[in-house]
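Chemist: Numbering (this note's numbering), first residue to last: 42 to 455.
Each residue gets a CB set at the ideal place from its N, CA and C atoms; glycine is no exception.
Being a predicted model, the structure only gives us computed values, none of them experimental.
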């Protein structure tokens, strides 16, 4: 899995860093490839993942790392935070299209376009490490070590949740990423086990960085509720998830209809939020058929400040997803001290609390029963003991050490 040609480059990185990262070291030059990210919320949690780690690198580690972010033009307006340290760069893979840099009012870092990618561009830029933020990268070269992020194995666990072409593509890309990468990063021990079992990933070269991204809410002012629920007075269950098949909205709607039928004297609301797609109208039609359309709110993707207020006013999280690589909304609910009911997936199996209820997400009556239990719990509970184990600064430092091959070093066979 580890090309011989990369050995000299790794040795140079270790020598350059002198075994410890210091303020006097030349910053590690990392090509950070997020070319699959699109504007808005269509990518789901992986976008939050990348942006929060990038922000932390810029804010706290710019003396140690220099970022060359490779992306599509459409997300360039979202990357102004990279300008804070003065030496990070944005590289657009593709021609200049509709974006006018003058609109940034000088808030962007250095911006370059690559309509065609030169052969071995990374060596031309003096890149030390390629970070493939979606597991694979068109920038790959055997002369630069690649670290690949693979956040889930959804396509193997629930292949019907994706188009057949995407399932085939992911099979090829995962196998290629594991073959080409010096190291593979994932989000949980559960995902690591899947990568080892399903794709033969080397457990010694596969490492876990968890996603304590809940603190981002503390960096923004509280916004406002969307107009659809701005005057809502009844308590509501919240389910934040894009409207993808494995998020299991159909079962949740049926379960909520059961819950309402048993609790007509106590009106409740179900609030869903995520980027609208072709499935959203179908789910809205199902809510009408079930007679709960007036009690169900289908919101679009929200800005962070508005999402913060939505969490603050929620009674509880109901999370019936059939598959999660990590399960960030569960951690977010803990951050806002909300009771939780979730499917019995693996990422949070070790959490033991009377405020976290589990159910079989395939069975509507189990979900409905959990909602009844949630309705009798307080809307504010104490998760402080559990949150203390999640720290983005610790995870960010661990990732930086790994990118410099000072931690979890790959086993190199001559």
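1. Leaving out five residues before and five after residue 222 in sequence, what residues of the same chain have Cβ atoms less than 6 Å from its Cβ?
2. Under a three-way DSSP split, which group does residue 55 fall into?
3. At what residue ranges does the segment 212-239 contain a whole run of the beta strand (DSSP E), taking only runs of 3 or more?
4. Considering Cα atoms alone, identify which of 358, 114, 94 is closest to residue 76.
5. Tell me whether residue 261 is buried or exposed, calling it buried when 16 or more other Cβ atoms sit within 10 Å of its Cβ.
6. Answer with buried or exposed for residue 318, where buried requires no fewer than 16 other C-beta atoms within 10 angstroms of its C-beta.
7. Between the alpha carbons of residue 440 and residue 249, how many angstroms are there, rounded?
8. Please give the ranges of any beta strand (DSSP E) in the segment 325-350, keeping only runs that are unbroken, at least 3 residues long and fully inside the region.
9. In chain order, which continuous runs of the alpha helix (DSSP H) of length 4 or greater are located wholly inside the segment 267-306?
10. Determine the direct distance from the alpha carbon of residue 339 to that of residue 325, and round the result to whole angstroms.
11. Are there 16 or more other CB atoms within 10 angstroms of the CB of residue 332, so buried, or fewer, so exposed?
12. So, for residue 436: in the same chain, excluding its five sequence neighbours on each side, which residues have a beta-carbon less than 7 Å away from its beta-carbon?
13. Is it buried or exposed for residue 97, if we count other Cβ within 10 angstroms and need 16 for buried?
14. DSSP on residue 209, reduced to helix/strand/coil?
15. Do you know offhand how far residue 235's Cα is from residue 268's?
16. Taking DSSP's pairing of strands, which residues face residue 437 in a bridge?
17. In three-state terms, what does DSSP make of residue 72?
18. Taking residue 416 as part of the alpha helix (DSSP H), name the residues at either end of that continuous run.
19. Tell me whether residue 505 is buried or exposed, calling it buried when 16 or more other Cβ atoms sit within 10 Å of its Cβ.
Modeler: Judging by the given coordinates:
1. 187, 189
2. The predicted position of residue 55 is uncertain, since its pLDDT is 47 and thus under 50; a value taken from the coordinates is nonetheless stated next. Reduced to three states, the DSSP call for residue 55 is helix.
3. 224-227
4. 114
5. exposed
6. exposed
7. 9 Å
8. 337-340
9. 290-303
10. 8 Å
11. exposed
12. 250, 251, 253
13. buried
14. helix
15. 42 Å
16. Note: residue 437 sits in no beta bridge, so no partner.
17. strand
18. 405-416
19. The requested residue 505 does not occur in the structure, where the chain is confined to residues 42 to 455.
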